[in-house]
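Peer 1: Which chain is which? The protein sequence lines are L and S, in order.
Last residue of the first sequence: 140 in our numbering, with the numbers rising by one and none dropped.
Last residue of the second sequence: 107 in our numbering, with the numbers rising by one and none dropped.
Okay, here's the structure, questions in a sec.
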Amino acid sequence: GAGVSQSPSNKVTEKGKDVELRCDPISGHTALYWYRQSLGQGLEFLIYFQGNSAPDKSGLPSDRFSAERTGGSVSTLTIQRTQQEDSAVYLCASNSPDSRYGYTFGSGTRLTVV
Amino acid sequence: AQSVAQPEDQVNVAEGNPLTVKCTYSVSGNPYLFWYVQYPNRGLQFLLKYITGDNLVKGSYGFEAEFNKSQTSFHLKKPSALVSDSALYFCAVSYASGGSYIPTFGRGTSLIVHP
Chain L
27 GAGVSQSPSN KVTEKGKDVE LRCDPISGHT ALYWYRQSLG QGLEFLIYFQ
77 GNSAPDKSGL PSDRFSAERT GGSVSTLTIQ RTQQEDSAVY LCASNSPDSR
127 YGYTFGSGTR LTVV
Chain S
-7 AQSVAQPEDQ VNVAEGNPLT VKCTYSVSGN PYLFWYVQYP NRGLQFLLKY
43 ITGDNLVKGS YGFEAEFNKS QTSFHLKKPS ALVSDSALYF CAVSYASGGS
93 YIPTFGRGTS LIVHP
C-alpha cells in the first residue's frame, strides 16, 4: 500500500486478556519498528526488524510482549495477560535505506486496558 | 547510547512570528537527525532530516532545521508561524550501530500558535 497500515485503530480489552496488534508496512521497506506512546510521554522503542536478521528486542518491557514479522512484511505485536499500564498508543514505522522520508509511521493502535 | 533532549514541553508563539523548537542530541557516531510532527489522534508525519551535507535542511510546510555539530543541536525553525502549525513536534536521532538504525525520539514539544 501507499502507507503503513495498522489495525485495529482502537482496542479496548479487559485486564488479563491477550491482544494482537497488526502492522502492514510499505511494500519493499526492509526495516520495521514498533514504538509505544503513553499519554504525555515520548516514543518508547519496543522492537526492530531488519530483513531476515534476528530482531532487536531490547526495548520490550517484559516477557508478556512479543512480536513477529512473517515473510519480511506484516508484523504482529502480541501482549499477553494485559495490564492497565499497557494502555498506550502503539505505533509502527517502516523504512528503507534509500527512503527520502526517513521513517514512515502508521496511525497507531490505541490500546485501553480496563 | 544515544539520546535526544527537547528542553521545552510547550512553545507559545503568535501567528506570523518566527518559531523555534529546540532539540539537542547525544550520539557516539555521526548522527542522522529527524523532525516529525503529530496532529491529534494521528501518527507521526515526517518533516525533514539531516544525514550529511548542508547544515541547513529545508523540509515540509516551510520548516527548516540547522545542524550544529559543536553545540550538538538540531533546532526546528519557521520564519512565520501559522495557527495550523499547532501540534506536537518530535526530534529524533539515529546512527549506524552494527548495521542497525534505531531512532531515539525526544519527549516532544507542544507548539501552540495563537491567532
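All residues carry an ideal CB built from backbone N, CA and C; glycine is no exception.
This structure is a prediction, so every number in the text was calculated from the model and none was measured.
1. Round the Cβ separation of S/L40 and S/V49 to the nearest angstrom and send it over; I've been treating them as touching at under 8 Å.
2. Looking at S/G98 and S/V130, is the spacing between their C-beta atoms short of 8 Å?
3. Strictly below 7 Å CB to CB, what residues from chain A border L/F75?
4. Comparing alpha-carbon positions, which option in S/D77, S/I104, S/S62, S/P71 lies nearest S/T16?
5. Evaluate contact between the segment 36 to 53 of chain L and the segment 131 to 140 of chain L, counting only Cβ atoms and requiring at least three cross-stretch pairs below 8 Å.
6. In its own chain, which residues sit with a C-beta less than 8 Å from the C-beta of S/V75, not counting the 5 before and 5 after it?
7. From the DSSP output, in three-state form, read off L/E111 for me.
8. In this structure, what does DSSP give as the bridge partners for S/N4?
9. Distance cutoff 8 Å, beta carbons only. Does S/T96 sit that close to anything in chain L?
10. Leaving out the 5 sequence neighbours to the left and right, which residues in its chain are closer than 7 Å to S/T64 when beta-carbon positions are compared?
11. If you drop the 5 nearest sequence neighbours on each side, which residues of the same chain put their C-beta closer than 6 Å to that of S/Q(-6)?
12. May I ask which residues mark the beginning and end of the beta strand (DSSP E) holding L/H55?
13. Taking 8 Å as the threshold (beta carbon to beta carbon), is L/G98 in contact with chain S?
14. Quick one: give me the first and last residue of the beta strand (DSSP E) that L/N78 is part of.
15. Return the residue from the list S/G21, S/C83, S/G45 that minimises the CA-CA distance to S/Q(-2).
16. Less than 6 Å between C-beta atoms, sequence neighbours within five positions excluded: which residues of the same chain meet that for S/Y93?
17. In the segment 35 to 98 of chain S, which residue ranges form an unbroken beta strand (DSSP E) of at least 3 residues, counting only runs that do not cross its ends?
18. Whole angstroms are fine: how far does the CA of S/A57 sit from the CA of S/Y42?
Peer 2: Concretely, from the data shown:
1. About 5 Å; that satisfies the 8 Å criterion.
2. An answer regarding residue 130 of chain S cannot be provided, because it is not within the stretch -7 to 107 covered by chain S.
3. Although the question refers to chain A, the structure presented lacks it and instead comprises the protein chains L and S.
4. Among S/D77, S/I104, S/S62, S/P71, the Cα nearest to that of S/T16 is on S/S62.
5. With a cut-off of 8 Å, the segment 131 to 140 of chain L and the segment 36 to 53 of chain L count as touching, because enough Cβ pairs lie within range.
6. E7, V105, H106, P107.
7. Under the three-state reduction of DSSP output, L/E111 falls in the helix class.
8. Looking at the DSSP output, S/N4 shares a beta bridge with S/I104.
9. The beta-carbon of S/T96 is placed less than 8 Å from the nearest beta-carbon of chain L.
10. The residues are T16, Y17, S18.
11. Sequence-distant partners of S/Q(-6) (beyond 5 residues in either direction) whose C-beta falls short of 6 Å from its own C-beta, in its chain, are V19, V85, T96.
12. Run containing L/H55: none; DSSP gives neither H nor E here.
13. Residue contact check for L/G98 against chain S: no CB pair falls below 8 Å.
14. Where L/N78 is concerned, there is no enclosing beta strand (DSSP E), given that its DSSP letter is neither H nor E.
15. Closest option to S/Q(-2), Cα to Cα, is S/C83.
16. S86, listed in sequence order.
17. With a minimum length of 3 residues, the continuous beta strand (DSSP E) runs that stay inside the segment 35 to 98 of chain S are 36 to 42, 48 to 50, 56 to 60, 65 to 70, 79 to 86.
18. For S/Y42 and S/A57, the distance between alpha carbons rounds to 9 Å.
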